[in-house]
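Take a look at the structure set out below.
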Amino acid sequence: MTSFLQNTFNGLVSGAFYALLALGLAVIFGMLRVVNFAHGAFYMLGAFGAYVLLTEAGVPFWAALVIMPVGLALVGMALERAFIHRLTRLDPLYNFLLTFGLTLILQDLVKLRYGVQSSPYETPSALSGSVDFGLFDFPTYRVFILGFALAVCAGVWWVLTRTRIGMVVRASTERPELTRAFGIDVGRWVTPVFGFGIGLAGLAGVLAAPMRAVNPLMGADLIIVVFAVVVIGGLGSIFGSVAAGFGIGLVQAWGEAYLSDFPIVSQTIVFIVMAAVLLWRPAGLFGREEAPA
């Protein structure tokens with residue numbers, strides 16, 4: 284029982300990262316119809332930015348938790364206006380290739396400056412130690428990640444469902460054509476929504492820095508699974524991305540724990556789930572079925 288609970292908590296923590304990253308990807312794809320392959324690179328920049336701020340400027344974790352998401356959101360907005368915006372009327376493949384090339388550039392720039400070795404990031408002193416849950420102890424920092432990610436996802440959901448601006452953004456994200464038909468200028472929301480999605484990736488990166496090795500390839504190792512999460516939840520579905528993120532975190536943790544005798548299955552279980560979902564429901568668990576032409 285204790286082992287199961289520990290594995291469940293570990294799965295929820297992994298799912299917290301998936302949920303934050305998938306949420307950002309979902310809003311970007313929903314509004315721009317752009318598969319942002321650079322999302323993992325911005326996750327990496329969030330972690331590296333926190334590391335650089337701490338080691339070279341003495342900026343603590345709590346300040347980096349605000350500075351990096353906001354800074355990367357502004358960078359994302361500038362990139363959208365300078366490059367991605369120009370290609371939105373073309374085949375989506377062009378923007379996919381653009382963001383893929385941007386990923387390689389960002390990774391190589393970081394490798395050129397800091398090398399390929401992993402860099403440690405100290406856990407904030409206020410979050411060191413562990414929390415006693417009775418049957419088992421769990422690291423305080425991981426409890427914080429889970430609570431913080433849930434609060435962010437809940438906050439984003441509240442804004443999107445309870446405020447007028449949020450409703451416009453959600454409608455523009457999930458049903459852009461219908462939203463335009465009601466006379467709403469979807470284009471004005473494109474740049475801030477893209478920046479918001481990038482900011483979520485940066486936020487996840489800062490949270491990952493004390494828990495995972497900070498290295499130039501940390502985003503590349505994660506982004507493929509996040510793409511699978513978004514597909515499972517439903518492309519463009521905000522709730523689906525968050526739900527699938529936590530669900531896949533649990534499935535992955537349980538698979539690694541209880542299917543260790545079948546390494547091929549445990550390592551590919553995410554993609555097995557994705558294939559099963561697509562066979563049953565091609566639009567994803569919470570995606571909107573497209574009407575036949």
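Number 576 marks the last residue of the sequence shown (our numbering); no jumps. In this text, a Cβ means the ideal position worked out from N, Cα and C, and glycines have one as well. Fair warning: this is a prediction, and the values are worked out from it, not measured in the lab.
If you run the structure through DSSP and keep just helix, strand and coil, what is residue i?
i    : result
D374 : coil
G298 : helix
V497 : strand
A574 : Interpretation of A574 is limited by its pLDDT of 48, a score under 50 that renders its predicted location unreliable; the figure taken from the coordinates is listed afterwards. Coil.
S524 : helix
S402 : strand
T446 : coil
A566 : coil
A492 : coil
V317 : coil
F465 : coil
G519 : coil
M284 : coil
S455 : helix
S625 : No answer is possible for residue 625: it lies beyond the span of the chain, which begins at 284 and ends at 576.
D391 : helix
F529 : helix
F545 : coil
Are there 16 or more other CB atoms within 10 angstroms of the CB of residue i, so buried, or fewer, so exposed?
i    : result
I547 : exposed
P575 : Only weak support is given to the placement of P575: the predicted model assigns it a pLDDT of 46, under 50, and the question is left unresolved by the model.
Y301 : buried
S297 : buried
I531 : buried
R471 : exposed
I428 : buried
Q400 : exposed
A333 : buried
G359 : buried
I448 : exposed
A409 : exposed
E405 : exposed
L376 : exposed
L395 : exposed
R425 : buried
Y326 : buried
V414 : exposed
A484 : buried
A365 : exposed
I555 : exposed
A434 : exposed
If you check the beta carbons only, do residue i and residue j fall under 8 Å apart?
i    : j    : result
T371 : N319 : no
I515 : L306 : no
V489 : L348 : yes
P343 : L486 : no
L308 : G482 : no
G538 : I552 : yes
V439 : V476 : no
L533 : L295 : yes
L362 : L328 : no
M557 : A526 : no
N293 : A454 : no
N378 : V310 : no
G517 : L562 : no
F331 : V469 : no
S524 : V513 : yes
A299 : A432 : yes
G466 : G313 : no
G478 : L357 : yes
Grab the span of the beta strand (DSSP E) containing residue i for me, first residue to last.
i    : result
P422 : 420-422
S413 : 413-415
Tell me where the alpha helix (DSSP H) around residue i begins and ends.
i    : result
V349 : 344-362
P504 : A quick correction: the sequence has Asp, not Pro, at residue 504. Element bounds for D504: 503-516.
A325 : The sequence given here places Phe at residue 325; Ala does not occur at that position. 322-340 is the span of the alpha helix (DSSP H), which, as asked, contains F325.
Inset, instruction - Report yes or no: do the region 499-507 and the region 320-331 share at least 3 C-beta pairs separated by less than 8 Å? - result: The way I'd put it, the region 499-507 does touch the region 320-331; three or more beta-carbon pairs between them come closer than 8 Å.
Legend entry - Contact the region 284-296 vs the region 462-469: 3+ CB pairs below 8 Å: no
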